[in-house]
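Asker:
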Amino acid sequence: MPPMDIQEIPADPEFDMFFYCEVAGENRIDRNTLEEIEERWERWSGHLHAFRLTNPQGGAQYLLLFMDKAVEDEIEGIWQDSPTSGLALHNLAIAMVMSAAHGFIPELQEGRCAPLPKPGQAALDAFATLGLTWNPEGTVNRQYAVFTLYPYSGGCDICYLQESCPKAALER
């Protein structure tokens, strides 16, 4: 199988306080936290990467979004000093990646999941080219990442995590 085409695509999600609150499970944000997350949003936007992976012979296309490890390390360091601040920033990184995913795949804004397909060898090779490693439990070696079919191509029925997904279990 030929290697996948890897095309970097611009991701510039806008901060949505309501979406952040939804991700964080909060009704409101105090002023200090808001200032902290707004500053981080601006700074971290340069650490968000988006790629379209395409089979050059036709067929599947994928969207891959991830934050640099530097963001993970920053959050972990803050978490050690202040679990409350660390959790707020953890939720911010999730909101940033998912907001970017919403921008590329509007169906996700309607509450649909971004199903995780099982990557074939060409996708695994593309991950390696980008410095990522696929883990057998269905993740890459980045804590804040999304890998899904692009454009939207279905939900639970095509998801690698179908058996262990808490959302799918609730719907059964």
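For our numbering, add 1238 to where a residue sits in the sequence shown, where the first one is 1. Idealized CB from N, CA, C, for every residue including glycine.
Distance, Cα to Cα, residue 1285 vs residue 1321?
Answerer: Rounded to the nearest angstrom, the two C-alpha atoms are 22 Å apart.
Asker: Counting C-beta neighbours from all protein chains within 10 Å, is the total for residue 1251 16 or more, i.e. buried, or is it exposed?
Answerer: Its Cβ being crowded by 16 or more others within 10 Å, residue 1251 is buried.
Asker: Rounded to the nearest angstrom, how far is the Cβ of residue 1291 from that of residue 1361, given a contact under 8 Å?
Answerer: Contact flag correct, Cβ pair sits at about 6 Å.
Asker: Under the assumption that residue 1300 contacts residue 1365 (Cβ atoms under 8 Å), give the Cβ distance between them as a whole number of angstroms.
Answerer: Actually they are not in contact, since the Cβ atoms of residue 1300 and residue 1365 sit about 10 Å apart, beyond 8 Å.
Asker: Which whole runs of the alpha helix (DSSP H) in the region 1344-1378 are 4 residues long or more, in chain order?
Answerer: Within the region 1344-1378, the complete alpha helix (DSSP H) runs of at least 4 residues are 1359-1367.
Asker: Is the CB-CB distance between residue 1363 and residue 1241 below 8 Å?
Answerer: Result yes, Cβ atoms of residue 1363 and residue 1241 sit closer than 8 Å.
Asker: What residues in its chain sit with their C-beta under 8 Å from that of residue 1266, if we drop five residues either side in the sequence?
Answerer: 1259, listed in sequence order.
Asker: What would DSSP say about residue 1381, mapped onto helix, strand or coil?
Answerer: Coil, per DSSP.
Asker: So, helix, strand or coil for residue 1266, using DSSP?
Answerer: In the structure shown, residue 1266 sits in coil (DSSP, three-state: anything other than H, G, I, E or B).
Asker: Measure the CB-CB distance between residue 1210 and residue 1343 and report whether it falls below 8 Å.
Answerer: The structure shown has nothing for residue 1210, since the chain only spans 1239 to 1410.
Asker: Grab me the residues of residue 1247's own chain with a C-beta within less than 6 Å of its C-beta, minus the 5 sequence neighbours each way, in chain order.
Answerer: Cβ neighbours of residue 1247 beyond the five flanking positions: 1288 and 1290.
Asker: Who are residue 1305's beta bridge partners in DSSP?
Answerer: 1286.
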